[in-house]
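Take a look at the structure below.
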Amino acid sequence: MRPRYPRHIVQFSSVSDTLLNAQREFRALELGRTDSVGRFSPARFDLAAAEEDGTLASVGSTYSPENDVVYDGISRAGVRLVTFAPVLKHGLFPLAEIVEALLEIGVEGTSGPVEIEFAVNCPPRETAEFGVLQLRPLGRIRYGPEPDLPPAARDCLVCESSSVLGHGMVDDIRDAIVVDPHRFDRARTRDIAQAVARFNAELSAARRPYLLLGAGRWGSADPLLGVPVTWDQIAGARAIVEAGFADFKVTPSQGSHFFQNLAAGNIGYFTVNPDTGDGFVDWEWLAMQPAADETELVRHLRFDAPLVVMINGKSHTGRVMKPSTVNSQVSTVTLKSEP
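Residue 747 is where the sequence shown starts when you use the numbering used here, and the numbers rise one by one after that.
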């Protein structure tokens, strides 16, 4: 949704799209708990809880299975959905206008595009409150010479993908931190995160950039879907690979903070889902490499020759080449000048 056109919401353009994309649950802090504040984590709730406390009325819609129609508001019986229709379509308060004005102020103040985070308190029959939490410039990818990636034999590559963020070539990576899908244990993803953090700290202290590869989503809020690392626990990576499971297609971790860090650091970011034909990772080759260090769940590999990461930011394609094939393959890579 663009603030200037609040009614043009592509993901809600049809009933089927709305049912596919609309939020059905939410996360909230349980303020009645007596835990230390630092140990709080949001709990999941269904929309019945939001309707009961009056929050859903400001953002909800209702799907009628009998009529196959999504109605704005929650006055009817049916399936509750979060569409923000009362705000965006019926002007419960001028959200679009406020956001548009703040973005213009941000652009004027920073001389470039910005993003904002905000929170709204909208109690029934009272004036809504809008609070700005954070405003920051958007990272911008500056396209230099365009890497021309000629065809390469599959056995020369660690991985390849057509869903890649970043641009250019990195040729100083001689370390890799690997979470092999055969070792991946969804019940122990927090242990995986701690092991990755240890290797990251050691390599960062030694000023050794590395390639990070793993199954599931990096930085996932749901430990069952990936490894719940924080950014500082993987900040030494020069390229990151997320690979899907056989029973789960991974979606890119392009949340606001994550994407900001990727863009600011020009860190290569690969999404691989081989079961849907989107790239591959040579896990067998990685498993055959001797480990410089390892835990039960995570391996640290070190190579004599560099792994070379090549990304074409315009076509969103990229590859990571094996050390033994780097010399012969890099000689065939050219950099196209911008027209």
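Where is the CB? At the ideal position from N, CA and C, for every residue including glycine. All of these numbers come straight from a predicted model, not from anything done at the bench.
Here Thr808 is buried. Its C-beta has 16 or more other C-beta atoms within 10 Å. Cα atoms of Val1066 and Pro752: separation of roughly 41 Å, rounded to the nearest angstrom. In this structure, Ser810 sits away from Arg826, with a CB-CB distance that is not shorter than 9 Å.
Per the Cβ contact rule, the stretch 969-987 is in contact with the stretch 1010-1017 (3 or more Cβ pairs under 8 Å). Gly1025 places its beta carbon less than 9 Å from that of Ser907. At the C-beta level, Gly800 and Thr829 stay beyond 9 Å of one another.
One Cα belongs to Asp792, the other to Leu903, and the distance between them is close to 44 Å. Under the 10 Å beta carbon count, Glu776 is surrounded by fewer than 16 other beta carbons and is classified as exposed. Pro974 and Thr1017 do not touch by the CB rule: their CB atoms are close to 18 Å apart, not below 8 Å. Where Glu948 is concerned, the enclosing alpha helix (DSSP H) starts and stops at 935-951. CA-CA distance, Glu771 to Gly1023, rounds to 31 Å. Secondary structure at Pro1069: helix, using DSSP grouped into helix, strand and coil. In this structure, Asp926 keeps its C-beta atom at 9 Å or more from the C-beta atom of Arg773. The Cβ neighbour count for Gly778, taken over all protein chains shown within 10 Å, is under 16; the residue is labelled exposed. Counting the other Cβ atoms within 10 Å of the Cβ of Asn1019 gives 16 or more, which makes it buried.
Remark: fewer than three beta-carbon pairs, one from each stretch, lie closer than 8 Å, so the stretch 935-953 and the stretch 856-869 are not flagged as touching. Here Asp921 carries a strand assignment [DSSP, helix/strand/coil]. According to the DSSP secondary-structure assignment, Ile980 is paired through a beta bridge with no residue.
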